[in-house]
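Its first residue numbered 1325, the sequence shown is counted upward by one per residue in our numbering. Virtual Cβ for every residue (Gly too), placed ideally from N, Cα, C.
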Amino acid sequence: MRRINGTALIFAALVATLGALAFPIWSYADRSGTGPANLNAGSVATQWGPLSATDRDFLVKVRLAGLWEIPAGQQAMERAPTQAIRMAGDHLVVGHTDLDKRVRSVAGRLGVELPNQPNPQQQGWLNQLTAASGKDYENKFANLLRDSHGKVFALIAQVRHTTRNTLVRELATDANQTVLDHITMLENTGDVDFDAIANEAAGAATASPTGPPPPGGVLPPAPNPAEPSGSPDVTSQPSAESTEDPGRSINTARPDPT
C-alpha cells in the first residue's frame, strides 16, 4: 500500500512539473506583443476564413499596382519604341485589368476598402515615364516596372503561404502567375539593370547569405569601381541590346512595390 501511494505521489509530482514547464510556452503564445497575438488581434472573421492585416495590405497593393501599371502599359503600347516594349505594355494592361476586376470583387465580398488613385510615389513614376523619350524611356519603363514587380513578388509569396482566407489565397495564386509573366516580359526588353537590382537587395540585407563555397573555395577579387565591371564570357557573349547603351542604368529611386 505504501509502495502504491509512493508511486502515485511521484507520478503526480511529474505531472505537476511538466505542467509548470509547459505553461509558460502555452501562455507566451497568447501574450500581448507576440506574433500569434498580433496575428489574432489584426484578423477578422469571415465566412471564407480569418482575414489578417497582411491579407488586407495585399488587396490594397494589388489594386494600387493596377492603378499605375495599366496606364504605364497603355502608354508603352502607344509610344511603342520597340516591339519588346510594346509587348510588355500589352501584358501589363491585360494582366492588371483582369487582376483589378478580381481584387475589387474579392475586396467587396470581404468588406475591404480600396484606393481609387495611384499613390504619390506611383504618380511620380508615371510622370517620369511621360517626360522621358527614346532610350531613356525604355530604361525607365523596364527598370521601374521590373523593380516594382520583383518587390511585390515577395508579398504575394508570403500571402499565398500564410493566408487562412480562401478568397485571398485564390487571388494570390492568380497574382503570382500574372506578376511572373510581367517580370519575364520586362526582362525580355533587354533593358533591365540586374546589377542595380542585386546591389539594392544586398544593401537592404541584414545578414550574410549562406550556401556552398565558390568553385575552388576561393572568392574572386572584388571589382574595382573605377574599372568596367566584368569581362565577356567566352561561352556566352552578351547580346547587342545589352551593350549598345553604356548609360542604361537609370538615376531614379528604386520603386517600392506600392
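Whole-angstrom distance between residue j and residue i, CA atom to CA atom
{"i": "D1460", "j": "R1488", "result": "44 angstroms"}
{"i": "T1502", "j": "A1481", "result": "13 angstroms"}
{"i": "A1307", "j": "E1494", "result": "Outside the modelled stretch of the chain, which goes from 1325 to 1582, sits residue 1307, for which no answer is possible."}
{"i": "V1417", "j": "P1439", "result": "19 angstroms"}
{"i": "S1351", "j": "S1367", "result": "Bear in mind that a pLDDT of 45 at S1351, under 50, signals an unreliable position, so the model cannot answer this."}
{"i": "G1535", "j": "Q1399", "result": "43 angstroms"}
{"i": "H1420", "j": "L1479", "result": "17 angstroms"}
{"i": "V1386", "j": "T1370", "result": "20 angstroms"}
{"i": "D1519", "j": "A1525", "result": "10 angstroms"}
{"i": "R1484", "j": "A1496", "result": "5 angstroms"}
{"i": "L1423", "j": "P1537", "result": "42 angstroms"}
{"i": "P1539", "j": "A1408", "result": "36 angstroms"}
{"i": "A1353", "j": "L1363", "result": "Unreliable placement is indicated for A1353, whose pLDDT of 45 sits below 50; the coordinate value is still reported in the next sentence. If I take the Cα positions, the gap works out to 11 angstroms."}
{"i": "L1504", "j": "A1361", "result": "33 angstroms"}
{"i": "A1456", "j": "G1359", "result": "45 angstroms"}
{"i": "V1436", "j": "S1376", "result": "11 angstroms"}
{"i": "T1508", "j": "L1383", "result": "23 angstroms"}
{"i": "V1492", "j": "D1498", "result": "10 angstroms"}
{"i": "T1530", "j": "G1448", "result": "29 angstroms"}
{"i": "T1490", "j": "G1458", "result": "45 angstroms"}
{"i": "L1468", "j": "H1506", "result": "12 angstroms"}
{"i": "S1553", "j": "V1427", "result": "Because the pLDDT of S1553 is 46, which lies under 50, any placement of that residue in the model is unreliable, and the question is left without a value."}
{"i": "P1348", "j": "A1365", "result": "Because P1348 sits at a pLDDT of 47, beneath the cut-off of 50, its placement in the model cannot be relied upon, and the point is left open."}
Three-state class that DSSP yields for residue i in the structure shown
{"i": "V1368", "result": "strand"}
{"i": "L1383", "result": "helix"}
{"i": "N1451", "result": "helix"}
{"i": "L1375", "result": "strand"}
{"i": "Q1441", "result": "coil"}
{"i": "A1389", "result": "helix"}
{"i": "A1404", "result": "coil"}
{"i": "N1362", "result": "helix"}
{"i": "P1591", "result": "Here the chain has residues from 1325 to 1582 only, and residue 1591 is not among them."}
{"i": "I1349", "result": "With a pLDDT of only 45 at I1349, under the threshold of 50, the placement of this residue in the model should not be trusted, and no figure is reported."}
{"i": "E1494", "result": "helix"}
Enclosing alpha helix (DSSP H) for residue i [first to last residue]
{"i": "G1474", "result": "1458-1486"}
{"i": "V1418", "result": "1407-1434"}
Supposed contact pair residue j and residue i - C-beta distance, whole angstroms, cut 8 angstroms
{"i": "D1515", "j": "A1466", "result": "4 angstroms"}
{"i": "L1453", "j": "K1464", "result": "6 angstroms"}
Residue ranges of each alpha helix (DSSP H) within the segment 1501-1534, 4 or longer: The qualifying runs are 1518-1528.
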